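The structure under discussion appears below in the form of structure tokens.
Protein chains: 2
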Amino acid sequence: MSETVGFIGLGLMGRPMAKNILKKGFPLVVHSRSQGPVDDLVAAGAKRASSPADVARQATRIITMVPDSPEVELVLDGTDGVFSGLQPGTIIIDMSSIAPGPARRLAERAKAKGATMLDAPVSGGDIGAIAGTLSIMVGGDLDAFNAVKPLLEAMGNPEKIVRIGESGAGQLCKLCNQMVIGGTLVVVAEALALARKAGVDAGKVREALLGGFASSRVLEVHGERALKGTYKPGFKTHLFAKDMRNVVSTLAEHDTAAPVTAVVQQLLHATMAAGRGEDDNSVMARTVFDLAGLE
Amino acid sequence: MSETVGFIGLGLMGRPMAKNILKKGFPLVVHSRSQGPVDDLVAAGAKRASSPADVARQATRIITMVPDSPEVELVLDGTDGVFSGLQPGTIIIDMSSIAPGPARRLAERAKAKGATMLDAPVSGGDIGAIAGTLSIMVGGDLDAFNAVKPLLEAMGNPEKIVRIGESGAGQLCKLCNQMVIGGTLVVVAEALALARKAGVDAGKVREALLGGFASSRVLEVHGERALKGTYKPGFKTHLFAKDMRNVVSTLAEHDTAAPVTAVVQQLLHATMAAGRGEDDNSVMARTVFDLAGLE
């Protein structure tokens, strides 16, 4: 019989991920701040836990899916946290998107308590979470990775579940992902802004560029959103801003100059200042269009 | 019988393009500063012209493929230029990559002399020029575009020969293309630099990113070049720098703020200053790696 799985954090992403784990037949125990999603999972066959420590007492595979490092810290090492109820040999899988530094330090603390911790942030949004087709970027012990691979495959596309390297490498890969998306998004918006300002059909420019070396998923998907002006999430800008804060702190930690990323970060501040935090992150194009004085 | 085609500018791109025109059976008359490529084309069946004006006296479809606006200006409107030998009804197709403003102004002068001028810059490099699979972005009169489409199809992929709009729109689209390639290239290099500085396998990061929303042709092709450190052209950096100068002047002309593009431009200056003008433009990644103190 499968090991019991614990799931902490049933938000927009966590809830459908936990449901997919249930569907694959894993015994599941859940905990979350809001009771609505907990009730929903219990109705679907999961057990309720009273605290993260209670999850740890019942499960030896524990997934955390919360907003950022302070929340992961609290859930693991706070009062009634996972660490206080830990069984020997437990594997903790943090699927939140946090900075690599804290991920490494938490993994060391888990190890000191006889557990193993993997960082395993995802890409693919709520749509990927519901469909069970997430990309999962994993950092940490290889044996632990192999042990939980079937569990990860309940949530992600098996071909896109990749162990990048040691502890923190999964989070670092996720930050690289967000850097590339952010930079590509802004420069695509700049190009479309120029086309619009010059009175040239920006839709035709986008199509022509998709046929060549300038093509990207961002040009395809975000480029279309930018031209239609539809910024429904998707992936909310305030969460993207959180990831970019982690990018910037990690660049500093490693003395890595990234001037385009620095500009993206500033435009993200301007996007937040314009009250667009709840829109899809492609709304940064709107900020670029504003800079050009475009409708 | 087909109209006689004139071709001016038999460089790295022009020479194979002219050869493809010959192969498709168009009568061809050629002119270029260097006699080697002219001799080569004459051996393949083309006629030699003594000047651009001489080309114009023999051909009613005239293609120009030279480095930048001053050269197009000289070839068309200089001493013994195309304009001094122009036959009524001639269609001039400038396939050089120049700024949209000069393209529009030259088209107006051509019109005043009874000719029609299209701007039709290409993408796809010398490989695409040899294979006859270039992307061609066209601006100018629709009837003229339709009239020369079979001629363009001798050089480009029929599905990627697109009329973007009125005069200058082809050049503007090409500038958008270069903006997007430049911005994507730099941010990809920044992400790979961070991975390398953090001691994470940058090749695995690139592969993981190619599976998701951060994927692009630049990540695929330039990303690989950056990681291997092989910067053989390809598309030379000094020509990319010329295109980016035209981007910056066109942004100014249309009051369009493009902060990421501005950073790309500065990094391009640094790349030229490091003596890398003859390398493939992906060598900008090397400049980003230098900034991070990487080998």
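Order-wise, the sequence lines are chains A and B.
Mind the numbering: the first sequence is residues 610 to 904 in my numbering, read in order.
Mind the numbering: the second sequence is residues 610 to 904 in my numbering, read in order.
We treat Cβ as the ideally placed atom computed from N, Cα and C, and that holds for glycine.
Nothing here was measured: the structure is a model prediction, and the numbers come from that model.
Check whether the Cβ atoms of Gln696 (chain B) and Thr673 (chain B) lie closer than 8 Å to each other. It is not a contact, given that the beta carbons lie outside the stated cut-off.
So, does the CB of Asp810 (chain A) fall closer than 8 Å to a CB anywhere in chain B? yes
Three-state secondary structure (DSSP) at Met622 (chain A)? coil
In the DSSP assignment, find the beta strand (DSSP E) that holds Phe692 (chain B) and state where it starts and stops. Neither: Phe692 (chain B) is in no beta strand (DSSP E) and is coded neither H nor E.
Between which two residues does the alpha helix (DSSP H) holding Phe898 (chain B) run? Per DSSP, the continuous alpha helix (DSSP H) segment holding Phe898 (chain B) begins and ends at Met893 to Leu900.
Tell me whether the stretch 613-621 of chain B and the stretch 631-650 of chain B touch, counting them as touching only if at least three CB pairs, one residue from each stretch, are closer than 8 Å. yes
Secondary structure at Thr613 (chain B), three-state DSSP: helix, strand or coil? coil
Taking only beta-carbon atoms, is Val757 (chain B) less than 8 Å away from chain A? no
Provide the residue span of the beta strand (DSSP E) that contains Val795 (chain B), from first to last. According to the DSSP assignment, Val795 (chain B) belongs to no beta strand (DSSP E) but to the alpha helix (DSSP H) extending over Ala778 to Lys806.
Are the CB atoms of Phe844 (chain A) and Gly734 (chain A) within a distance shorter than 8 Å? yes
Please report the residue range of the beta strand (DSSP E) in which His640 (chain B) lies. Looking at the DSSP string, the run of the beta strand (DSSP E) that includes His640 (chain B) is Leu637 to His640.
Looking at C-alpha atoms only, which residue of A:Val675, A:Ala883, A:Asp703 and A:Leu836 is the closest neighbour of Arg805 (chain A)? A:Leu836
For a contact meaning CB atoms closer than 9 Å, what does Ile672 (chain A) contact in chain B? Going along chain B, no residue has its Cβ under 9 Å from Ile672 (chain A), so there is no contact; the nearest lies around 20 Å.
Run of the alpha helix (DSSP H) containing Glu762 (chain B), from where it starts to where it stops: Leu751 to Glu762
Taking a Cβ distance cut-off of 8 Å, strictly less, list which residues of the stretch 827-843 of chain A are near chain B, in chain order. Val827, Leu828 and Val830
Got a sec? Which residues, its chain only, sit under 8 Å from Leu903 (chain B) by beta carbon, not counting five neighbours each side? Ala802, Arg805 and Lys806
Quick one: what's got a C-beta closer than 6 Å to Ala729 (chain B)'s C-beta in the same chain, skipping five residues either side? Ile702, Met704, Ile745, Val747 and Gly779
Span separating the alpha-carbon of Asp648 (chain A) from that of Phe849 (chain A): 29 Å
Against Met746 (chain A), what residues of chain B qualify as contacts under a CB-to-CB distance less than 8 Å, listed in chain order? Ala817
Spatial neighbours of Pro625 (chain A) in its chain, beta-carbon cut-off 6 Å, leaving aside the 5 residues before and after: Ala738 and Ile739
Are the CB atoms of Lys783 (chain A) and Ile576 (chain A) within a distance shorter than 8 Å? Past the boundaries of the shown model lies residue 576 (chain A); chain A is included only from 610 to 904, so the question cannot be answered.
Of the choices B:Gly654, B:Leu877, B:Ala721 and B:Thr865, whose alpha-carbon is the least far from that of Asp852 (chain B)? B:Leu877
Just tell me which of B:Leu751, B:Val814 and B:Ala763 has its CA closest to the CA of Arg772 (chain B). Ranked by Cα distance from Arg772 (chain B), the first of B:Leu751, B:Val814 and B:Ala763 is B:Leu751.
According to DSSP, is Lys845 (chain B) helix, strand or coil? strand
Is the beta carbon of Ala658 (chain A) sitting closer than 8 Å to the one on Val664 (chain A)? yes
Ala861 (chain A) to Leu715 (chain B), Cα distance in whole Å? 50 Å
Check each candidate in B:Arg815, B:Asp677, B:Ala867 and B:Asp810 and name the one with the smallest Cα separation from Met788 (chain A). B:Arg815
Local Cβ density within 10 Å of Gln667 (chain A), reported as buried at 16 or more and exposed below that: buried
By the criterion of Cβ-Cβ separation under 7 Å, what are the contact partners of Leu860 (chain A) in chain B? Leu803
Suppose the cutoff is 6 Å on Cβ atoms and the five residues either side in sequence are ignored; what does the same chain contact list for Asp888 (chain A) look like? Tyr840 and Thr846
Cutoff 8 Å: Thr742 (chain B) Cβ touching any chain A Cβ: no
Just curious, the alpha helix (DSSP H) that Thr870 (chain B) is in, first and last residue? Pro868 to Ala882
Interface partners of Glu612 (chain B) on chain A, CB under 7 Å: Those within 7 Å of Glu612 (chain B) in chain A number zero; the least Cβ separation is about 27 Å.
Going along the chain, which unbroken runs of the alpha helix (DSSP H) with 4 or more residues stay wholly within the stretch 677-740 of chain B? Runs of the alpha helix (DSSP H) inside the stretch 677-740 of chain B: 678-686, 709-721 and 734-740.
What do you reckon, is the C-beta of Cys785 (chain A) under 7 Å from a heavy atom of the ligand SAM? Absence of the ligand SAM is noted for the structure shown, with no ligands found whatsoever.
Would you mind working out which of A:Glu682, A:Thr688 and A:Ile736 sits nearest Arg713 (chain A), comparing C-alpha positions? Per the Cα distances, A:Glu682.
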